[in-house]
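Engineer: Heads up: the sequence shown begins at 4 in the working numbering, then just goes up one per residue. Glycine included, each C-beta is placed from N, C-alpha and C at the ideal position. In this text the structure is predicted, and so the values were computed from the model without any measurement.
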Amino acid sequence: MGVRKVPEVKRKRSSNTRRRRKTVSSAVPYFLRKYPRWTWWVGGIGVISVYIWLFYYFFVSPTGFRWRALYGEANYPDGYEIHGVDISHYQGDIDWDDLRNAMIEGCPIRFIMIKATEGSSRVDEKFNDNFYMAREYGYIRGAYHFWSNKSTAREQAYFFLDKVRLEDGDLPPVLDVEHKPKDQSVEDFQRDILTWLHVVEDKYHVKPIIYTYYKFKEKYLNAPVFDDYPYWIAHYYVDKVEYKGEWKFWQHTDVGRLPGIKGYVDFNIYNGSYYDLKKLTIGSQD
Numbered sequence: 004m005g006v007r008k009v010p011e012v013k014r015k016r017s018s019n020t021r022r023r024r025k026t027v028s029s030a031v032p033y034f035l036r037k038y039p040r041w042t043w044w045v046g047g048i049g050v051i052s053v054y055i056w057l058f059y060y061f062f063v064s065p066t067g068f069r070w071r072a073l074y075g076e077a078n079y080p081d082g083y084e085i086h087g088v089d090i091s092h093y094q095g096d097i098d099w100d101d102l103r104n105a106m107i108e109g110c111p112i113r114f115i116m117i118k119a120t121e122g123s124s125r126v127d128e129k130f131n132d133n134f135y136m137a138r139e140y141g142y143i144r145g146a147y148h149f150w151s152n153k154s155t156a157r158e159q160a161y162f163f164l165d166k167v168r169l170e171d172g173d174l175p176p177v178l179d180v181e182h183k184p185k186d187q188s189v190e191d192f193q194r195d196i197l198t199w200l201h202v203v204e205d206k207y208h209v210k211p212i213i214y215t216y217y218k219f220k221e222k223y224l225n226a227p228v229f230d231d232y233p234y235w236i237a238h239y240y241v242d243k244v245e246y247k248g249e250w251k252f253w254q255h256t257d258v259g260r261l262p263g264i265k266g267y268v269d270f271n272i273y274n275g276s277y278y279d280l281k282k283l284t285i286g287s288q289d
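This is how it looks when you write it as structure tokens:
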């Protein structure tokens, strides 16, 4: 019995297939179709490279020093030997015996700035203990007031003077100012800051130290009258200070680590010698 041969059916190309291929082809602009395909790859790689560079420049590079400080080898400013820290209740209970032997870049800690007061009613809960122990362990110590926009300059100045008893050998009083009221003019804000400085200066007969971020100083405390006050600059994760004026202290990181202190602590350097630092203290200035 023979096998019946089925005639081969020739498939016809559907109109949908022709239309789809035509659509894909027409989706590519004519001016691109005349270039070889490899040029598309080169152009795409170039665009991606530009995006990567922009991402690094604007997002990665500004935080690179912080990443190194947190997860890599610590880097400290070169050319400075006088190191210090600033502390408050955020550091909790400090083991002063361990801290006594701590070193930064092979150099001992020479000075400690201690938060004392804030506004016109708040004393840092660790201030009295920290202030006493810093002197007991031989550090040059300083006390700072954190400026508040919720009370007057005079109220804050007299509150600081009432709660803090600086002695000969201590650093001048410090005003930590980081915020300006949005509804206050720069002139009025500067006048308030000067009021605090003058009241405290009249008590100790030394120029108080101003602590703030360098951009804040350039924007709000750039009047020549403030140039007479020692400047403690806060400027993190950079190789060098970008501020062009004179400065005494530089808070260069907020992620320092030391034995005796739990968690992170701010690291600072003094712009001068140990002799110069001691000459800055109360009772030693000419």
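(1) Residues in the same chain with beta-carbon distance under 7 Å from Val27, minus the five sequence neighbours each way, listed in chain order, please.
(2) Quick one: what's got a C-beta closer than 6 Å to Glu158's C-beta in the same chain, skipping five residues either side?
(3) Count the other CB atoms within 10 Å of the CB of Gln254; is the residue buried (16 or more) or exposed (fewer)?
(4) Distance, Cα to Cα, Tyr140 vs Glu170?
(5) Buried or exposed: where does Ile272 fall if 16 or more other Cβ atoms within 10 Å of its Cβ makes it buried?
(6) Among residues of its own chain, excluding the 5 on either side of Gly145, which ones have a beta-carbon nearer than 6 Å to its beta-carbon?
(7) Thinking Cys110 and Glu128 are a contact (beta carbons under 8 Å), I'd like their distance in whole angstroms, please.
(8) Does the pairing of the segment 263 to 280 with the segment 79 to 96 give three or more beta-carbon distances under 8 Å?
(9) Could you give the distance in angstroms between the alpha-carbon of Thr256 and the alpha-carbon of Tyr214?
(10) Indicate the three-state DSSP secondary structure (helix, strand or coil) for His255 in the structure shown.
(11) I'd like the span of the beta strand (DSSP E) that includes His86, first residue to last.
Structural biologist: Let me spell this out:
(1) Reliability of the predicted coordinates at Val27 is poor, the pLDDT of 46 falling under 50, and the value obtained from them is presented with this limitation in mind. Taken in chain order, the list of residues that qualify is empty.
(2) Ser123
(3) buried
(4) 16 Å
(5) buried
(6) Met116, Leu174 and Val177
(7) Between Glu128 and Cys110 the Cβ distance is about 30 Å, and since that is not below 8 Å, they are no contact.
(8) yes
(9) 14 Å
(10) strand
(11) His86 to Ile90
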